[in-house]
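Written below as C-alpha cells is the structure these notes are about.
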Amino acid sequence: MNWTLSVLIICVLLAAFTTWLEIRRANRSRLLLRILVSILGIAALACIALPITYQSKSKISDGSEAVLLTENYNPDSLSHGGYKLIFTTSSEIKKSYPKARLIAGMEDLLTIRPAISKLHILGYGLDTDDLQQLGNIPVVYSSPPAPTGILSISWTQQLKSGALLKVQGTFNNTASKPIKLLLKGLNTQVDSVNIPAEKQSGFELATTPKITGTAVYNLLAINGQDTIERENVPIIIEPVQPVSVLLLSSSPDFESKFLKNWLSQNGYVIAIRTAISKNKISQEFVNMQKQPMEKLSAALLNKFDLVIGESSAFKALTGSENALLKQQVDQNGMGIIIRADDSSKTTSWLQDKFRVTTLNAKSQVSSALLLQNQKLKTTALSIDPSYISSNYNTQNLALDLQNHALASTALSGCGKLVFTTLNNTYNWLLTGNNKDYAALWSLLIDKAARRLPQAQNLSVNSGIAKINEPVNVRLESSSIPSQLTINKATISLVQSHFAPYEWNFSYWPQKFGWQQTIIDKKSTDLWYSYQKNDWMPLINYKKSALTKKHSENSTRSLSVTKQIQSLGRYDVPKMYFYLILIASLVFLWIERKLSV
Amino acid sequence: MDQSKGFSKIRQLRQTWISYQLLGDCLFSFAVAILLGSVLYYILGWQGWSALPVFVLTFAILSAIRQPWRITKVAVCNFLNVSYPELEESSELVIKPANTLNLLERLQCNKVEFALQQLPDHPAGFTKRLKIAAILAIAAIVLSFVIAKIRFSLPASSGYFTGSSIQSSKNAPPEKVLPQIESVEIKITPPAYTGRPNRVQDKFIIQVEEASEINWIIHTNIDIKNAFLLFNEKEKLPLSNITNDKKSWKAQKIITQPGFYQVSIDGKLSDFYQIQVIKDGPPVIRIKTPRQYTHIDAGEALKVNLTATLSDDYGITDALIYATVAKGSGEAVKFKEYKINFATSFKQHDRQYSVQNLFNLPAFNMEPGDELYFYIEAEDNHHQKSRTDAYVVSIQDTAQLLSMDGLINGSNIKPEYFRSERQIILETEALLKGRDTIKQDVFKTRCNDLGIDQKLLRLRYGKFLGEEDESGTAETNDDLGKAENFGNAKMVMDAYTDKHDNAEDATFLEPAIKAQLKATLTEMWKAELQLRMYKPSDALPFEYKALRLLKDLQQKSRSYVAKTAYNPPPIKNEKRLSGDLSKISQPLKQQDIKAVDDGYGTLKKSVTILEQLKYTASLNNSDRGILQLAGQQLSAKASAEPGIYLPAVAAMHRVLAADKGIHTADIVTIEKAIQKTLPSIGAMPSLIQTTPDMGLSKSYYKYLNQLNR
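The listed protein sequences derive, respectively, from chains A and B. Just so you know, this note's numbering puts the end of the first sequence at 596, numbered straight through with nothing missing. Just so you know, this note's numbering puts the end of the second sequence at 1305, numbered straight through with nothing missing.
The structure is reproduced here in C-alpha cells:
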C-alpha cells in the first residue's frame, strides 16, 4: 500500500473518531465549530505527511545565469564570468573549488528560484541521462580540448579460433613525444604502433590469438617509460565449427583432391562425387555415413552447408538437379563455390553474375594474391590469366597485384555464390605453404557457407559497461526466454516494442570482469564489465561531444520559440500546515478550558 | 766510565734508529704488496700468494737503496745536534776517543754527557718514516677492500678463465634457499678438454660446461634425516652424509643436459634452481684467400696463397689441408689426393690460429687444364671436427683454347673473323719467340701491325654492339644544303640523330651476351694498348682472356632442336567414349578422420582458468587438475630450456600451493610462458552464426519474392 493512501485512510479514520468524540461530549456548545476545527487540524497533519506541490509559471528572463562545473573545468574561465550560482555534482570539485554548491543531481537545478535562465557547463560535460534531466534549461557549452588517450576503439569481441583480432581506434597524442601503443596478449607484446607527437591519428593493431576461451588482452599507451593509459580488451575465442562440404567434380583433379585431404585432416564433413567416366562416378565420404549420390536430392543437400564444384560439373547437372540446387541456395541459404575450369560463356544462374575475361596470353602468370581483410600478400602462385570483372553486386575476395579479381562473391536469395578462377591453389600445399592455402580457402568457405542461426545473442547496448553503473543489455533470442540469471541473480526482461525477438534489461554489475549470464538454465553467455576508471579519455570525449550537441539543440529551440516562461512544480512550504495544526489544537484546548 | 755511558747511549740510539728504519721499510713493502696483490688477485685472477714475492722484492729494493745498516754514529750525532739544541752542536765529542780531546772539548764533553742522559730513548724523528709507512699500509688495506668490492661491478671481459658466464651468475638475484640450509659449496670440475680450473661456488644455480662433474656439499643448521636432489621433477639423486652429526651432506653428478633441480630436505622441496650447459662448438674455419673458384689464366703465376683463421671455444689440436688434383678430362680424368700439414704447430692448443699455405701448383705436377680441389679440416680438443667447403683452383688450358676441334665439327660455323683473335695470339707468341733474332725496327713494326689487327677485330665486334663507326665523321650532308630541303624537319633529324630504337639492333643480341661481348672488347682494347706500346708479352694475357670470352660466346650461341616426326592420326569423334563400361563398378569409399590434436589443449584451457583466477583467487578441483597437467607440460619444456621456462614452473607451483592470495605476478609469468609455448594457429573455415530473428528475415525475403513476381 502506498504512503499517500495509508496517510489518507488513517486521517479519515482519525477524523471520524474525533467527530464521534465531539458529538458524544455532554457539553454540546460550539459543536459545529469544534468538529470543523478538529477536521482542519487533521487535514493539516495529513498535509504535513504528504508532499503537496503546485504548478506555477515563472519568467525565465527573471532568472540568473548559473555555472555547472564538471571534470577538467578550467578555473580561469570562472574568474571573469562574475557568476553567482556555481554548482557541481562532484565532491572532488567541491573540495578544489569550495564556492561551488554541491547538488545531488540535475533535477535540483530545476527547483532553483528564480529559474536558471542559462546554464554554463564547464569541463567535459554530462552524460545522456544527466542531459535529459536538465530539461529545458538552455545550456551554453564550449568543449575543452580532447583528452590525451584513446578517443575511440573497436574490436570484435567474439572470434573464431585462428581469426585475426584487430583493434582499431583513434588516439589523441598531446605530448611532444611520440607515444607507443602496445597490444599485449597473455602479458606478451604482440603488436605495437607509434602515434606521432601532437597529433590525433587512427591506429590498428592486429594479432591472431593462440588460445581458445576467454582472454583479456591489454592495450597500453606508453610515453617513454610511463604508461599513460592501460585498458582491457576482453575477447572470447570460440573453437572452429566444422563446415560440411559437398565436392562435385567433373573429373579427378588435384585441386579437389588436396581440398578434400586438407578439410578431412581437420575433421570436416565431406562428400566428394567425381565423374570418372561416362555415367560412372566415384563417391567418397569422410566423417559421414554413406549416402546415395548418383542424383542430387533435397535430403542430400540438406546435410551440407556448402557445395564446391567446377563450372563443368555444375553444367553436367540435370535440369531438376539444377532447380533443386537453386532452391537450396535461394531459400535455405546454402552456399556454392564455383571453380571456373573453362572460359566458355554460359547462361547458368550460377555464373551470370560473374563475367570472366580471359587474356590472350598463352601461359600462366605468377603473381602474389591479396586476400580480403588481409594486409600481407600471399606468396606467388601461378594463375591462369582469367579475371572476374567487377560488378555492382559482387564483392571481390581475392585480387592479384594488378587488382584483377580472381574470386568474388554475390548474393543469391538467402545464400551466397562464390566464383573463383583459381584452379591450382594446391601448388601452395606442394611447396609446403599451408598458411596461404588455409587463408584463401577459409575466406572462400567462410563467405559461402550457410549461416547458422544462433539460439541466443547477448550484447551490451550502452557502450562500455562499468561496475556500479547501469548497463543496458540486449538479448536476441529465437524463442521466448523463460529465465535469465546473471551471477545467480534472476533478471526480468522487457520485450522490445518493435522486434519480437528482442528483449532488454538493465543491470548494475558489482564486480568487474566477466559477467556470466545463464539463459533458460542452459546456454551461457559472457560479457565484460570494466572498472570505474577504464576508458576514461574515450568516455570524457563522448560526454563532451554529447554536451556540445545538447547545448546546440537547447539554444536553438530557445531562439526559435522565444520561451520566456517556464512551467514547474514547486513544493508548498510545510510551515503553513504546522501553523494551521497548532492553531486548531490551541483553539480546541482553550475551548475546553472556557467551557469548564 | 762517563764517556762510555754517553757512547753507549749513542750506540743504543743508532740501533733504535736502524730498527725503526727497517720496520718502516717493512711496513711500506707490506703496503705495496697488499695493494698489488689485491689488484692481481681480484682483477687479473692470479693466485693469492703472488703478493709474497712482491713483498720480498719491494723490501729488498728498498733496503738496497736506503741501506739503513750503514747509519753511522756520526750520522746519529748529526741528527741529535739538529733535533736537540741542548746538545750545543757537540754530541760528536762523546764518540771521539777521550784522549784526543783538548781541555775545552773535555769540559764541553762532560756537559754533553749529562745532556745526553736526559734525551728520550725513542726520539720523535726516528719514528717519522714508520708512521708514514703505517698510514700507507692502512690505506693499502682499505684500498684492497675497495678493489674487492668493485670487482663485481666490472664488466666480465677481463680474463678468459674467469669467463663471462660465471660472472653473470654471481650477478644474479639472491636465491631462495630452504631455511635448514646453512651453506652450500658446489665444486664444478669442468671436463679436461676445456682446460679450465675447478671452481667452487656458494649458489645453487649452475652454469657449467658440458660433461662437467658437480659436487654438492650442503651444510645444514639442524640435524636432518634425509635429503636428496630432484632433477627435472623426475630424477632423484640422494645426498649422503659426510659427518656423523647429520649436518653435512654431499652428492655428485655429471651434467650433460640443461634442466633444473630442487633440493629436498626431510620431504620439503626448495625453489627451482636452473642448470645451464655451455656446449662446446666445433672449430670455426674461415678462409680469407683464395676465393671459392680461382681461375689462373695463361701467363699468371702458378701459385695460390691460402690464408685462413681457425678458432674454437677451448683449443684447436690439429688442422689439415685435404687437396685433390684432377688431371685430364672426360673419361681419362685421374685424381690424386694429398694431405698437407700447415707450417703452424698446433701443440699449444690455442683458441685461435692464423694459418697459411702456399700451393705451388707445378709441385703437384699440375699442368694447364688441371684442377685442384682442397678443403681444410680442423679438430678441437673435444675431438670435434669441422671442415670447409671444397675450394677449386683451375689452370687455364691454352691448348684447348687454341684447338679447332669444336669449330670444325660444329654444326654452325661462325664467320671467319671469330678466329682472328686466335691468329693474333699465335702471331704474338711467334713474335716473342723471334724477338732476339729480328731487328728492333722490324719488331716494333710487327708489333704495331698486330695492334692494328687487334683494332680492326675490335671494331668488327663493336658493330655487333651497335657502336658508332670511328671513321663515320666524314659523312657529307650535301642533300641538306639544297634549297628544297630547307625546313624539312625529318631530314634534319635523320642527319643529326642516332637511331637507337632501331628494332633490328635492339633484338640482335641478348643483354647477357651483349655484356660479355662488351667485356671482350675491353680485353681487346687492353691487348691493343700493350701491342702499340711494343709490349707483346704484356698483351698476351689480355689476348687469351679475350679469346676465352669469345669461345664462351660461341658455345652459348649454339642451340639444337630435334625435329619430331610423330603425327597422330585424327580422332574419330563417333568412336570417342563409346566403350562398354557396364562391368566397371563405381568406387565408393567411406572413412572417418579425426582432427589431429595438437597436444596444447591443456595449456589453452589453463589460460582461461588463470584469467578467472585474477578475479576470484580460488581454485576448484577440476581446474587444479588442468593446471597441474599444464605445469607438467611446462616443466618438460623447462628441462630443455630452463632459462626461459623455469620461472613459470616455479610460479605454477606457487599458484597450485597457495589456497588464497595468488599473486598476479605469478599468473603473469605463467601466461608469458604459455604464450611462448603455444604454436601460432592459422585460419580454418568455420560456420558463421547469425543473430536470432525468429525467422523474420526469411519471411521478409519470402514476401519480397512474392512481390517481385
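Glycine included, each C-beta is placed from N, C-alpha and C at the ideal position.
field: 8 Å CB neighbourhood of Ala986/B in its chain, flanking five on each side removed
entry: The residue given as residue 986/B occupies position 390 in the second sequence. Hits under 8 Å: Tyr969, Phe970, Tyr971.
Terminal residues of the alpha helix (DSSP H) in which Ser363/A lies: Residue mapping note: residue 363/A aligns to position 363 of the first sequence, counting from 1. Here Ser363/A belongs to no alpha helix (DSSP H), and DSSP marks it neither H nor E.
- prompt: Along the chain, where does the beta strand (DSSP E) that runs through Ala163/A open and close?
  reply: Sequence index remark: in the first sequence, residue 163/A carries index 163 (1-based). No beta strand (DSSP E) contains Ala163/A, which DSSP labels as neither H nor E.
message: At the level of alpha carbons, what is the spacing between Val773/B and Ile874/B?
response: The residue labelled residue 773/B in the question sits at position 177 within the second sequence. The residue labelled residue 874/B in the question sits at position 278 within the second sequence. Spanning the two alpha carbons is a distance of roughly 25 Å.
message: Counting only beta-carbon separations shorter than 7 Å, does Phe285/A have a partner in chain B?
response: In the first sequence, the residue the question calls residue 285/A occupies position 285. Yes - at least one Cβ of chain B is within 7 Å of the one on Phe285/A.
field: Length of the line joining the Cα atoms of Ser625/B and Ala660/B
entry: As a first step, residue 625/B must be located in the second sequence, where it is residue number 29. As a first step, residue 660/B must be located in the second sequence, where it is residue number 64. The alpha-carbon atoms of Ser625/B and Ala660/B are separated by roughly 13 Å.
- prompt: Does Pro1137/B get closer than 7 Å to chain A when you measure Cβ to Cβ?
  reply: Counting from 1 along the second sequence, the entry for residue 1137/B is found at position 541. No - not a single Cβ of chain A is within 7 Å of the one on Pro1137/B.
Same chain only: Cβ atoms within 6 Å of Trp428/A, ignoring 5 sequence neighbours per side: Counting from 1 along the first sequence, the entry for residue 428/A is found at position 428. Correct list, in chain order: Asp436, Tyr437.
task: Run the CB neighbour count on Tyr217/A, radius 10 Å, all protein chains shown included, and call it buried at 16 or more, exposed below.
output: Numbered from its first residue, the first sequence carries residue 217/A at position 217. Result: buried.
- prompt: Leaving out the 5 sequence neighbours to the left and right, which residues in its chain are closer than 7 Å to Lys303/A when beta-carbon positions are compared?
  reply: Here residue 303/A refers to the residue found at position 303 of the first sequence. The residues are Ser244.
message: On the criterion of 16 or more Cβ atoms from any shown chain inside 10 Å, does Ile731/B qualify as buried, or is it exposed?
response: Position 135 of the second sequence holds residue 731/B. The residue in question, Ile731/B, is exposed, as its Cβ has fewer than 16 Cβ neighbours within 10 Å.
field: Paired residues, beta bridge with Gly513/A - DSSP
entry: Sequence index remark: in the first sequence, residue 513/A carries index 513 (1-based). DSSP lists Ser529/A as partners of Gly513/A.
Residue-chain proximity (Lys1200/B, chain A), Cβ-Cβ < 7 Å: By 1-based counting over the second sequence, the position of residue 1200/B is 604. By this cut-off, Lys1200/B is an interface position.
query: Any contact of the region 699–709 of chain B with the region 674–684 of chain B, i.e. 3+ C-beta pairs under 8 Å?
result: yes
query: Which residues, in order along the region 232–244 of chain A, keep a beta-carbon less than 7 Å from a beta-carbon of chain B?
result: Val240, Gln241, Val243
- request: Closer than 8 Å, Cβ to Cβ, to anything on chain E: give me those residues from the region 445–464 of chain A, in chain order.
  value: Judged by its chain identifiers, the structure shown contains no chain E, and its protein chains are A and B.
message: If distances are taken between C-alpha atoms only, which option among Ile1180/B, Arg666/B, Ala1261/B, Glu688/B comes closest to Asn187/A?
response: Locating residue 187/A in the first sequence gives position 187, where the first residue counts as 1. Closest option to Asn187/A, Cα to Cα, is Ala1261/B.
- prompt: What residues in the region 178–191 of chain A have a beta carbon less than 9 Å from any beta carbon of chain B?
  reply: Gly185, Leu186, Asn187, Thr188, Val190
CA-to-CA distance, Ala629/B to Thr654/B, given in whole angstroms: Working through the second sequence from its first residue, we reach residue 654/B at position 58. Working through the second sequence from its first residue, we reach residue 629/B at position 33. Those two C-alpha atoms are separated by around 8 Å.
task: Taking C-beta pairs closer than 7 Å, name the residues in chain B that Gly162/A reaches, listed in chain order.
output: Along the first sequence, one-based indexing puts residue 162/A at 162. Neighbours of Gly162/A on chain B, chain order: Ile1277, Gly1278, Ala1279, Met1280.
field: 7 Å Cβ shell around Pro385/A - same chain, five flanking residues per side excluded
entry: In the first sequence, the residue the question calls residue 385/A occupies position 385. Closer than 7 Å at the Cβ level, and outside the excluded window around Pro385/A, lie Thr358, Leu359, Ala361, Val365.
field: beta strand (DSSP E) segment containing Gln456/A, residue limits
entry: In the first sequence, the residue the question calls residue 456/A occupies position 456. Its beta strand (DSSP E) spans residues 456–460.
message: Quick check on the burial criterion: 16 or more other C-beta atoms within 10 angstroms. Buried or exposed for Leu835/B?
response: Within the second sequence, the letter at position 239 stands for residue 835/B. Looking at its Cβ environment, which holds 16 or more other Cβ atoms inside 10 Å, Leu835/B is buried.
Contacts of Ile338/A in chain B (Cβ-Cβ under 9 Å): The residue given as residue 338/A occupies position 338 in the first sequence. Within chain B, no residue comes near Ile338/A; the closest Cβ sits about 17 Å away, beyond 9 Å.
message: Am I right that Leu181/A and Leu219/A are in contact with their C-beta atoms under 8 Å? What's the rounded C-beta distance?
response: Along the first sequence, one-based indexing puts residue 181/A at 181. Along the first sequence, one-based indexing puts residue 219/A at 219. So it is a contact: roughly 7 Å between Cβ atoms.
message: So that I know if they touch, is there some Cβ in chain A lying closer than 7 Å to that of Thr1287/B?
response: In the second sequence, the residue the question calls residue 1287/B occupies position 691. True, the Cβ-Cβ gap to chain A drops below 7 Å.
query: Quick one: any contact between the region 1163–1183 of chain B and the region 265–282 of chain A, if contact means 3 or more CB pairs under 8 Å?
result: yes
field: Residues from the region 288–309 of chain A in contact with chain B, defined by Cβ distance under 7 Å
entry: Lys290, Asp305
- prompt: So, using beta-carbon positions, are Pro239/A and Tyr268/A closer together than 7 Å?
  reply: Translated into the one-based positions of the first sequence, residue 239/A becomes position 239. Translated into the one-based positions of the first sequence, residue 268/A becomes position 268. No, the pair does not count as a contact, with Cβ atoms beyond the cut-off.
message: Suppose the cutoff is 8 Å on Cβ atoms and the five residues either side in sequence are ignored; what does the same chain contact list for Asn2/A look like?
response: Counting from 1 along the first sequence, the entry for residue 2/A is found at position 2. No residues qualify anywhere along the chain.
message: Taking 7 Å as the threshold (beta carbon to beta carbon), is Gly335/A in contact with chain B?
response: As a first step, residue 335/A must be located in the first sequence, where it is residue number 335. Not an interface residue.
query: Excluding the five sequence neighbours on either side, which residues of its own chain have a C-beta within less than 7 Å of the C-beta of Glu1023/B, listed in chain order?
result: The sequence position of residue 1023/B within the second sequence is 427, counting from 1. Same-chain partners within the cutoff: Leu1046.
query: Can you tell me the Cα-Cα spacing of Trp349/A and Glu310/A, whole angstroms?
result: The residue labelled residue 349/A in the question sits at position 349 within the first sequence. The residue labelled residue 310/A in the question sits at position 310 within the first sequence. Roughly 14 Å between the two C-alpha positions.
- request: Determine, using beta carbons only, whether Leu8/A comes closer than 7 Å to chain B.
  value: Taking the first residue of the first sequence as 1, we reach residue 8/A at position 8. Not closer than 7 Å to any Cβ of chain B, the Cβ of Leu8/A fails to qualify, so no.
- prompt: Would you say Thr214/A reaches chain B, if we count a Cβ-Cβ gap shorter than 7 Å as a contact?
  reply: Position 214 of the first sequence, counted from the first residue, corresponds to residue 214/A. Yes, its Cβ sits closer than 7 Å to a Cβ of chain B.
- prompt: Who are the neighbours of Tyr501/A on chain B, taking C-beta pairs under 8 Å?
  reply: Numbered from its first residue, the first sequence carries residue 501/A at position 501. Pro1288, Asp1289, Met1290, Leu1292, listed in chain order.
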